[in-house]
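Protein chains in written order, with our numbering: chain A, 1 to 309; chain B, 310 to 618.
C-beta: ideal position from N, C-alpha, C; glycine also.
The model shown is predicted, which means the values in this text are computed figures rather than measured ones.
This is the structure in structure tokens:
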């Protein structure tokens with residue numbers, strides 16, 4: 001089954017396109033988790049175990065609510081070898097709960113290097129080689145090196161998905177993405193490439209397995225990019241913490257609520273720290289995360305209804 | 310001391326700009342290394358130990374010849390948590406031999422995510438947080454998200470280097486890098502940004518700590534980019550295996566032999582497999598790598614002499 005079909009089947013089941021981003025900032029992990037771990041352990045191992053407990057508890061708290069999770073690799077890599085072990089476990093536990101796992105790795109390399117990345121995270125290993133320990137359903141990729149940086153991640157046997165950076169939600173993204181070209185901007189040209197790369201890779205839902213990262217804070221740009229990429233799944237960051245509203249986040253979705261997945265990371269993971277769920281406090285961080293997830297789902301539904309009354 | 314000064318001091322000491330790339334393709338690791346490891350171990354751990362021995366032996370064989378090494382992260386990530394442990398050891402052993410370590414990670418993310426990547430590999434950790442296990446002197450980065458994806462890797466205290474992808478050596482790189490803009494191409498615009506980002510970060514050698522990846526198979530493009538980036542260190546891939554000649558590889562270096570670092574990976578690591586050093590055979594892979602390194606140094610010297618007679 002195509003990645004796109006699996007994703008939107010999950011979206012239909014959970015009745016929301018919300019994806020919970022796992023960005024476990026070390027500085028924000030509740031202190032009691034760290035204190036509860038043997039102080040004689042190697043410090044990286046100690047932090048990794050605290051992050052592991054944190055992620056597993058939050059996964060338990062949100063797994064029945066959302067169709068997908070998106071671990072941000074950087075925070076696991078920060079903890080070196082023990083961190084990668086935790087990332088592997090998080091991905092495996094998410095899969096065992098029928099969640100779609102989107103690896104936010106933003107890799108971008110070519111040839112045998114891209115193949116190594118693909119085998120590390122998505123593709124089945126070549127016969128005779130060891131099974132990798134981290135498995136995701138889709139991965140975020142950087143298009144700067146062209147299709148050679150994308151193609152190895154599209155596996156014909158195990159249908160995987162990719163999300164190619166097109167228009168990102170950060171201010172300095174404009175330095176390259178908004179450079180004027182004969183076709184519009186660099187982001188427009190990348191959008192056309194994404195359509196081209198996805199052509200022939202559409203699932204029954206009509207969307208292709210080659211998705212695009214399109215930041216939520218720029219609704220006008222997002223609408224323009226939707227016109228260029230009518231059959232592309234948008235991974236929409238910047239909802240919640242980065243300031244995008246629910247209407248903006250939902251604006252590129254179709255009438256069935258398909259076509260995009262909306263990510264929220266920090267506003268859910270660290271809901272215990274500030275805002276309306278801070279009353280839970282650090283000890284009850286997982287309950288705070290669940291409450292924030294329910295709020296985000298409601299907010300996105302309201303945004304969708306405002307667009308499709 | 311600036312990264313640029315440390316790099317060219319090492320280049321002067323070894324009298325070559327050659328960098329050995331550590332790209333340990335699993336399929337190319339000598340079989341006897343794998344056979345010698347306990348077959349009851351976890352398969353990833355077994356492969357990781359074979360890769361560890363392979364990398365350590367080659368490091369021993371080339372450390373006195375070259376100024377720098379460039380581990381390609383993908384091949385270590387392919388082995389998950391055990392692979393990251395091997396990467397950490399390779400980097401540490403290289404540093405202990407006074408080699409400059411360039412992490413070929415091609416990361417590109419922003420904000421706290423970029424900070425997590427930076428702390429994972431380059432920057433000193435924030436006070437109270439655990440020391441990461443992988444340490445490099447410089448890292449390759451992708452510019453698609455703008456300066457926010459670069460800035461966190463430039464540490465004011467521990468002077469680190471970055472190499473920003475500008476013009477890559479792969480065929481499909483043109484799909485984005487060669488898009489025409491008002492300034493020339495996207496690669497030209499990125500080159501101008503790299504100059505801007507490096508401004509004020511020059512060492513005594515005149516070059517800045519913000520380098521650029523400029524592929525060797527395109528000498529005309531490289532000369533044009535050198536004009537745009539006169540004070541930028543070029544990391545030059547594509548020499549050796551990817552078909553670039555020594556003259557092309559050296560064409561952007563200045564008369565002192567500064568301004569660039571030329572990478573060769575597979576032609577050195579797997580010299581035992583084919584070509585004029587295949588007679589060493591898989592058992593003597595490290596000797597083959599040393600012989601291939603000496604050849605590459607001579608070849609680059611000849612290329613340099615042809616340019617500066």
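Residue of the options minimising C-alpha distance to residue i
i: residue 288/A; options: 298/A, 267/A, 302/A and 305/A; result: 267/A
i: residue 573/B; options: 426/B, 377/B, 353/B and 369/B; result: 377/B
i: residue 476/B; options: 125/A, 145/A, 154/A and 307/A; result: 145/A
i: residue 372/B; options: 435/B, 360/B, 595/B and 616/B; result: 595/B
i: residue 361/B; options: 384/B, 472/B and 541/B; result: 384/B
i: residue 319/B; options: 532/B, 549/B, 599/B and 514/B; result: 514/B
i: residue 479/B; options: 150/A, 182/A, 228/A and 236/A; result: 150/A
i: residue 484/B; options: 193/A, 93/A and 49/A; result: 193/A
i: residue 538/B; options: 520/B, 529/B and 347/B; result: 520/B
i: residue 397/B; options: 15/A, 84/A and 89/A; result: 84/A
i: residue 474/B; options: 421/B, 531/B, 465/B and 508/B; result: 531/B
i: residue 309/A; options: 255/A, 47/A, 290/A and 14/A; result: 255/A
i: residue 17/A; options: 35/A, 39/A and 65/A; result: 65/A
i: residue 99/A; options: 305/A, 8/A, 218/A and 224/A; result: 8/A
i: residue 328/B; options: 615/B, 587/B and 578/B; result: 578/B
i: residue 15/A; options: 275/A, 258/A and 306/A; result: 258/A
i: residue 601/B; options: 616/B, 583/B and 614/B; result: 583/B
i: residue 177/A; options: 156/A, 307/A and 214/A; result: 214/A
i: residue 305/A; options: 219/A, 94/A, 247/A and 290/A; result: 247/A
i: residue 307/A; options: 35/A, 219/A, 28/A and 184/A; result: 219/A
Bridge-paired residues (DSSP) for residue i
i: residue 139/A; result: 103/A and 162/A
i: residue 328/B; result: 377/B and 572/B
i: residue 371/B; result: None; residue 371/B has no bridge partner.
i: residue 511/B; result: 517/B
i: residue 489/B; result: 494/B
i: residue 214/A; result: 167/A
i: residue 561/B; result: Answer is none; residue 561/B lacks a bridge partner.
i: residue 232/A; result: 208/A
Cβ neighbours of residue i in the same chain (closer than 7 Å, five flanking residues each side left out)
i: residue 414/B; result: 382, 430, 448 and 449
i: residue 249/A; result: 216, 236, 239, 262, 300 and 303
i: residue 33/A; result: 50, 53 and 54
i: residue 96/A; result: none
Contact set for residue i: own chain, Cβ-Cβ below 6 Å, skip 5 residues either direction
i: residue 117/A; result: 107
i: residue 209/A; result: 2, 3, 4, 161 and 201
i: residue 463/B; result: none
i: residue 591/B; result: 339 and 581
i: residue 512/B; result: 311, 313 and 314
i: residue 179/A; result: 186
i: residue 535/B; result: 561
i: residue 152/A; result: 114, 115 and 118
Close Cβ partners of residue i (< 8 Å) along its chain, the five nearest in sequence each way excluded
i: residue 158/A; result: 122, 123 and 124
i: residue 400/B; result: 380, 410, 412, 443, 444 and 445
i: residue 428/B; result: 434, 435, 438 and 441
i: residue 109/A; result: 117, 145 and 149
i: residue 540/B; result: 504, 507, 511, 515, 516 and 517
i: residue 472/B; result: 411, 447, 448, 449, 450, 520, 521, 522, 542 and 544
i: residue 37/A; result: 46, 49 and 50
i: residue 599/B; result: 370, 371 and 374
Open item on the list: Closer than 8 Å is the cut-off here; do at least three beta carbon pairs connect the region 131-143 of chain A with the region 376-390 of chain B?
Closed with: yes
- [ ] Report yes or no: do three or more beta-carbon pairs, one from the region 293-309 of chain A and one from the region 493-511 of chain B, lie closer than 8 Å?
- [x] Not touching, per the Cβ criterion.
Open item on the list: Counting only Cβ-Cβ distances shorter than 9 Å, please list the residues of the region 21-37 of chain A near chain B, keeping chain order.
Closed with: Contact annotation: in the region 21-37 of chain A, residues whose CB is within less than 9 Å of a CB in chain B are 23, 25, 26 and 27.
Task: Cβ contact check for the region 361-368 of chain B and the region 317-337 of chain B: 3 or more pairs under 8 Å - done: By the Cβ test, the region 361-368 of chain B is in contact with the region 317-337 of chain B, since at least three Cβ pairs between them sit closer than 8 Å.
TODO: Check each residue of the region 481-497 of chain B: if its Cβ is closer than 9 Å to any Cβ of chain A, include it; give the result in chain order.
DONE: 481, 482, 483, 484, 485, 486, 488, 489, 490, 491, 492 and 495
Task: Under 8 Å (Cβ pairs) to chain A, residues found in the region 465-481 of chain B - done: 474, 477, 479, 480 and 481
TODO: Would you check if there are 3 or more beta carbon pairs closer than 8 Å linking the region 342-355 of chain B to the region 145-154 of chain A?
DONE: They do not touch, by the three-pair rule.
TODO: Return the residues of the region 572-601 of chain B that lie within a Cβ-Cβ distance of less than 9 Å from chain A, sorted by chain order.
DONE: 575
TODO: Compile a chain-ordered list of the residues in the region 123-147 of chain A whose CB is closer than 8 Å to at least one CB of chain B.
DONE: 126, 129, 130, 131, 132, 133, 134, 142, 143, 144, 145, 146 and 147
TODO: Check each residue of the region 190-202 of chain A: if its Cβ is closer than 9 Å to any Cβ of chain E, include it; give the result in chain order.
DONE: You won't find chain E in this structure, because its protein chains are A and B.
- [ ] Taking only beta carbons into account, state which residues of the region 362-374 of chain B come closer than 9 Å to chain A, listed in chain order.
- [x] none
Open item on the list: If the cut-off is 8 Å on Cβ atoms, which residues from the region 416-427 of chain B count as contacting chain A, listed in chain order?
Closed with: 416, 417, 418, 419, 420, 421, 422, 423, 425 and 426
Open item on the list: Under 7 Å, CB to CB, which of the residues in the region 514-544 of chain B have a partner in chain A?
Closed with: none
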